[in-house]
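The structure appears below as structure tokens.
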Amino acid sequence: MRAMVLKGHGGPDSLVYDESFPDPECGNNDVIVRVKATSLNYHDIFTRNGMPGIKIEMPMICGLDVAGEIAEVGDEVSGWSTGDRVLIDPRNRVEGGLVGETIHGGLAEYCRVASHQLVKIPVGVTYDQASSLPVAYGTAHRMMVTIGKIKNDEKVLILGASGGVGTGALLLAKMAGSEVMVCASSEEKMERLRDLGADHAITYMDNQFHKGVYERFGKPGRRGFEGGVNMVVNFTGGETWVPSLRSLKRGGRLVTCGATAGFDPKTDIRFIWTFELQLLGSNSWEREDLTQLMDYIDGGKMNPVIDKILPLKDASEGIRLLEEREVFGKVIINP
Ligand SMILES: NC(=O)c1ccc[n+]([C@@H]2O[C@H](COP(=O)([O-])OP(=O)(O)OC[C@H]3O[C@@H](n4cnc5c(N)ncnc54)[C@H](OP(=O)(O)O)[C@@H]3O)[C@@H](O)[C@H]2O)c1
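Remember, the numbering used here sits 1 above the position in the sequence shown when you count from 1.
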């Protein structure tokens, strides 16, 4: 089959387009999915570069978020048939492992997966939309709703709002009825985020964005609950960490699921005690996050933001766009 194969950790050249990669073999409890759409994530860059503590067997096929139709069903699989439209939940919750990282993923014509990882795609959801969901929108849903418990009268600041998780967080915050301020690296991204529903947009390239928060919402008070925002969404880390703490009102929550710009930032503990802040970690998604998101799309309540749809041989270019911050929303690969 055709596949974009990771041969070893490194830069863009370590991903190689292969037209004769061995077809996957279907185990008794597996299905083979004919891949229609796979979305890219920043996680693919971490996998390509190599992450401390995560051992990856090479060659590996990346691509965590996979949607397609069932091409073959294992002898002991029940409830699924060839032709069914399915989304793969990348997390193998029984045997362990992650599709597109430690299990061959969706940057290929076919993907073998354990049948318990399948989620049915409703008729009103396209393959491209479904493939946008698990890693970015699933994580955003858990972070904003389950962990962050976002409410309708709250003020929210979202960093990295133009990316996969970021656009998901913005759409969910608006669905909850919050007033949302977003941070982005360019005027063009800010404009597009306003079009998507952001109430306010500021740049954060000078790491002084707490001043933009004070201008709009006032400076957080030490005694009262005036000023600042209720929630900061920060999966960027690095130099953005302290200004994020400074942006929160008393009792505010900082939710995080990642650290694109650095996982060991300088902090300032004074803000945490003085303003009784809560730092909330959120990791990945549960199956309910995916079914809820597909119901939203099926019911016309949400439309994931898709920037580009590229053929398989251009997957490396798609990853470059993510790395260079040239993406707005999701990049989808159609093998
Ligand atoms: N724990 C989990 O389960 C989980 C799940 C999904 C994602 N994550 C993490 O969440 C983060 C975002 O993932 P994603 O797939 O949404 O990424 P993405 O689509 O590439 O979006 C990231 C956004 O962050 C901004 N950014 C800020 N600093 C950046 C930098 N140094 N390099 C690149 N972008 C930067 C960019 O917007 P501007 O150019 O406007 O700043 C970009 O749009 C990643 O760190 C990822 O590993 C964690």
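Glycine is no exception: its CB is placed at the ideal position from the N, C-alpha and C atoms. This structure is a prediction, so every number in the text was calculated from the model and none was measured.
Alpha-carbon to alpha-carbon, residue j and residue i
{"i": "Phe218", "j": "Glu240", "result": "22 Å"}
{"i": "Asp66", "j": "Ile320", "result": "14 Å"}
{"i": "Glu155", "j": "Thr140", "result": "20 Å"}
{"i": "Asp207", "j": "Phe22", "result": "46 Å"}
{"i": "His211", "j": "Lys250", "result": "11 Å"}
{"i": "Phe272", "j": "Gln209", "result": "16 Å"}
{"i": "Lys309", "j": "Leu16", "result": "20 Å"}
{"i": "Gly80", "j": "Ala131", "result": "20 Å"}
{"i": "Thr48", "j": "Met5", "result": "14 Å"}
{"i": "Gly64", "j": "Leu246", "result": "34 Å"}
{"i": "Ala174", "j": "Asn231", "result": "12 Å"}
{"i": "Glu318", "j": "Glu327", "result": "11 Å"}
{"i": "Asn42", "j": "Ile334", "result": "11 Å"}
{"i": "Leu197", "j": "Val78", "result": "42 Å"}
{"i": "Leu281", "j": "Lys150", "result": "11 Å"}
Beta-carbon contacts of residue i that lie in its chain and below 6 Å, excluding the five residues immediately before and after
{"i": "Met191", "result": "Ala185 and Ala202"}
{"i": "Leu123", "result": "Per the sequence shown, residue 123 should be read as Pro rather than Leu. Contacts found: Met295 and Asp299."}
{"i": "Met144", "result": "Val256, Cys258 and Ser283"}
{"i": "Tyr128", "result": "Lys37, Ala38 and Ala68"}
{"i": "Gly238", "result": "Ala260, Ala262, Gly263, Phe264 and Pro266"}
{"i": "Asn304", "result": "none"}
{"i": "Val234", "result": "Ile159, Ala170 and Val256"}
{"i": "Asp290", "result": "Gly139, His142 and Arg143"}
Beta carbon proximity, residue i to chain D, threshold 8 Å
{"i": "Gln130", "result": "Judged by its chain identifiers, the structure shown contains no chain D, having just a single protein chain."}
CB of residue i within 8 Å of CB of residue j, strictly
{"i": "Gly259", "j": "Phe236", "result": "yes"}
{"i": "Gly229", "j": "Ser248", "result": "yes"}
{"i": "Ala115", "j": "Val87", "result": "no"}
{"i": "Asp90", "j": "Pro25", "result": "no"}
{"i": "Leu158", "j": "Met176", "result": "no"}
{"i": "Val126", "j": "Arg288", "result": "no"}
{"i": "Ile62", "j": "Gly106", "result": "yes"}
{"i": "Glu324", "j": "Ile46", "result": "yes"}
Extent of the continuous alpha helix (DSSP H) run through residue i
{"i": "His201", "result": "It is not in any alpha helix (DSSP H) - His201 instead sits in the beta strand (DSSP E) that spans His201 to Thr204."}
{"i": "Gln293", "result": "Arg288 to Asp299"}
{"i": "Pro244", "result": "Trp242 to Ser248"}
{"i": "Arg113", "result": "Premise fails: Arg113 lies in the beta strand (DSSP E), Tyr111 to Ala115, not in any alpha helix (DSSP H)."}
{"i": "Met191", "result": "Glu188 to Asp196"}
{"i": "Lys175", "result": "Gly165 to Met176"}
{"i": "Tyr43", "result": "Tyr43 to Asn50"}
Rounded distance between the beta-carbons of residue j and residue i, thought under 8 Å
{"i": "Asp31", "j": "Arg113", "result": "5 Å"}
{"i": "Gly169", "j": "Ala137", "result": "5 Å"}
Residue span of the beta strand (DSSP E) that contains residue i, given as start and end
{"i": "Ser40", "result": "Asp31 to Ser40"}
{"i": "Gln130", "result": "First-last for Gln130: Tyr128 to Ser132, but that is the alpha helix (DSSP H), not the beta strand (DSSP E)."}
Close beta carbons around residue i, own chain, < 7 Å, minus the five adjacent residues each side
{"i": "Met59", "result": "Leu7, Lys8 and Gly9"}
{"i": "Asp76", "result": "Asn29"}
{"i": "Gly213", "result": "Ile203"}
{"i": "Gly51", "result": "His10"}
{"i": "Trp286", "result": "Pro135, Gly139, Thr140, His142 and Arg143"}
{"i": "Arg92", "result": "Leu99 and Ser285"}
{"i": "Met2", "result": "Phe22, Asp24, Ala109, Glu110 and Tyr111"}
{"i": "Asp269", "result": "Val243 and Leu246"}
Contact set for residue i: own chain, Cβ-Cβ below 8 Å, skip 5 residues either direction
{"i": "Ser82", "result": "Ile71 and Val74"}
{"i": "Arg223", "result": "Arg251, Thr275 and Phe276"}
{"i": "Arg193", "result": "Ser163 and Phe329"}
Any non-hydrogen atom of ligand 2 closer than 7 Å to residue i Cβ
{"i": "Lys37", "result": "Among the ligands in the structure shown, ligand 2 does not appear; only ligand 1 can be found there."}
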